[in-house]
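First residue of the sequence shown: 1, per full-length UniProt numbering; consecutive thereafter.
We put the CB at the ideal spot given by N, CA and C, even for glycine.
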Amino acid sequence: MDTSPFTPAEIRGRLHKFENSAPGPDRLSYENLKQADPDCRIIARIFNFCLYSRRIPAAWKRSKFILIHKKDDVDDLQNWRPISLCNTLYKLYTGCLSSRLVHWLMDFDVLSFTQKGFLPFDGVFEHRYVINQAQTLAKIEKSSICMAQIDLTNAFGSIPHLAIRAALQEAGAGPHFTEVISDLYTDSTTEFIAPIPISAEISGCLEKNCQVEACPLAKNRRLEDLFVPAFVFHMRTEQLTKGDMKIIDDFIRPLIKDNLYLDESAAN
Numbered sequence: 001m002d003t004s005p006f007t008p009a010e011i012r013g014r015l016h017k018f019e020n021s022a023p024g025p026d027r028l029s030y031e032n033l034k035q036a037d038p039d040c041r042i043i044a045r046i047f048n049f050c051l052y053s054r055r056i057p058a059a060w061k062r063s064k065f066i067l068i069h070k071k072d073d074v075d076d077l078q079n080w081r082p083i084s085l086c087n088t089l090y091k092l093y094t095g096c097l098s099s100r101l102v103h104w105l106m107d108f109d110v111l112s113f114t115q116k117g118f119l120p121f122d123g124v125f126e127h128r129y130v131i132n133q134a135q136t137l138a139k140i141e142k143s144s145i146c147m148a149q150i151d152l153t154n155a156f157g158s159i160p161h162l163a164i165r166a167a168l169q170e171a172g173a174g175p176h177f178t179e180v181i182s183d184l185y186t187d188s189t190t191e192f193i194a195p196i197p198i199s200a201e202i203s204g205c206l207e208k209n210c211q212v213e214a215c216p217l218a219k220n221r222r223l224e225d226l227f228v229p230a231f232v233f234h235m236r237t238e239q240l241t242k243g244d245m246k247i248i249d250d251f252i253r254p255l256i257k258d259n260l261y262l263d264e265s266a267a268n
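Here it is as structure tokens:
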């Protein structure tokens, strides 16, 4: 995994990909960064210090979580729409890390060839093609077909941070990059803002997923791509009855092994 110093051009290229969105606690927008440091030379020095020390400032770990009530019962978390606002420097830094991570994943074939989700190309078309061909063949041969759909609710937010670290280590990202990522999710804090008081239960649920929604690493699901193979391995080795295991061994296990698509997961 590339942990060499960031170049100003690398950061500038990433900065110009961001759309100007609502600022975080620091109240700085992407336009402010472009105006203050158009060549990204100062930002590069800041980022490279963070990369070298494998730590980011505590201020970058503070975010705001704005809750917008959608409808019905205010005590039901599903009726709230969360908007997470992180500092722009933090998002730019993690965006640069995300770019390097995806290049590493693609250039060195780190991911399984069956992984189609959250990559630079649109793998959904291949996914649909494989399923359609399997269905067509079953109709022609008048045979049965078994398909399993897997949906991970709140996929990134529900992954324990220790599991992310373990997945990075298992994938061979190296100790330097693993420590850089681990620090991003250590001692982070979020300020919840809601138009009306929220229940302790909702507050507790939100705290578990503190500062992930606005992070480019979470948004692009790069870390999730690494974690899912471990999840599937765990799913395959759960303690089941002999009858269940025979079904899995004869049918489900080969299907999951042959075709697994993250988020739009399907086996056929």
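Taking the beta carbon of residue 270 as the centre, do at least 16 other beta carbons fall within 10 Å, making it buried, or is it exposed?
Any answer about residue 270 is impossible in this case: the structure gives the chain only from 1 up to 268.
Let me know if F49 comes out buried or exposed under the rule of 16 or more other beta-carbons within 10 Å of its beta-carbon.
Mapped onto the sequence shown, residue 49 falls at position 49. By the 10 Å Cβ count, F49 comes out exposed.
Taking DSSP as the reference, what is the three-state secondary structure of residue 270?
Nothing in the structure corresponds to residue 270, since the chain is present only between 1 and 268.
Can you give the Cα-Cα distance for A148 and K139, rounded to whole angstroms?
Working through the sequence shown from its first residue, we reach residue 148 at position 148. Working through the sequence shown from its first residue, we reach residue 139 at position 139. Rounded to the nearest angstrom, the two C-alpha atoms are 18 Å apart.
Within 10 angstroms of its Cβ, does N116 collect 16 or more other Cβ (buried), or is it exposed?
For this step, residue 116 is matched to residue 116 along the sequence shown. Sequence inspection shows Lys at residue 116; the Asn mentioned does not correspond to that position. Buried is the call here.
Among the residues of its own chain, which have a CB less than 6 Å from the CB of S29, if the five just before and after it don't count?
As a working mapping, residue 29 is identified with position 29 in the sequence shown. For S29, where only same-chain residues beyond five positions count, the Cβ hits under 6 Å are N20, P23.
Roughly how far, in whole angstroms, is the beta-carbon of I11 from the beta-carbon of A44, given that I think they are within contact range, below 8 Å?
The residue given as residue 11 occupies position 11 in the sequence shown. The residue given as residue 44 occupies position 44 in the sequence shown. The pair is a contact, with the Cβ atoms about 6 Å apart (cut-off 8 Å).
Tell me where the beta strand (DSSP E) around E191 begins and ends.
As a working mapping, residue 191 is identified with position 191 in the sequence shown. Here the beta strand (DSSP E) through E191 covers 189-193.
Within 10 Å of its beta-carbon, does S188 have 16 or more other beta-carbons around it, so buried, or fewer, so exposed?
On the sequence shown, residue 188 is found 188 positions in, with the first residue counted as 1. With 16 or more Cβ atoms within 10 Å of its Cβ, S188 is classed as buried.
How many whole angstroms separate the CB atoms of residue 311 and W60, which I take to be in contact at a CB cut-off of 8 Å?
Outside the modelled stretch of the chain, which goes from 1 to 268, sits residue 311, for which no answer is possible.
For A148, name the three-state secondary structure that DSSP assigns.
To locate residue 148, count along the sequence shown from 1; it is residue 148. Looking at A148 - three-state DSSP - the assignment turns out to be strand.
In angstroms, rounded to a whole number, what distance separates the CA positions of G95 and N132?
Within the sequence shown, residue 95 is the residue found at index 95, counting from 1. Within the sequence shown, residue 132 is the residue found at index 132, counting from 1. Between G95 and N132, the C-alpha separation is close to 36 Å.
Considering I196, what are the terminal residues of the alpha helix (DSSP H) in which it resides?
Numbered from 1 along the sequence shown, position 196 holds the residue referred to as residue 196. Looking at the DSSP string, I196 is not in any alpha helix (DSSP H), and its letter there is neither H nor E.
In the DSSP assignment, find the alpha helix (DSSP H) that holds F65 and state where it starts and stops.
The count along the sequence shown starts at 1 and reaches residue 65 at position 65. Per DSSP, F65 belongs to no alpha helix (DSSP H); it is in the beta strand (DSSP E), 62-69.
Tell me the residue span of the alpha helix (DSSP H) that contains Y30.
As a working mapping, residue 30 is identified with position 30 in the sequence shown. Looking at the DSSP string, the run of the alpha helix (DSSP H) that includes Y30 is 30-36.
So, H161 versus Y185, is the Cβ gap smaller than 9 Å?
Walking along the sequence shown from the start, residue 161 turns up at place 161. Walking along the sequence shown from the start, residue 185 turns up at place 185. Contact: yes.
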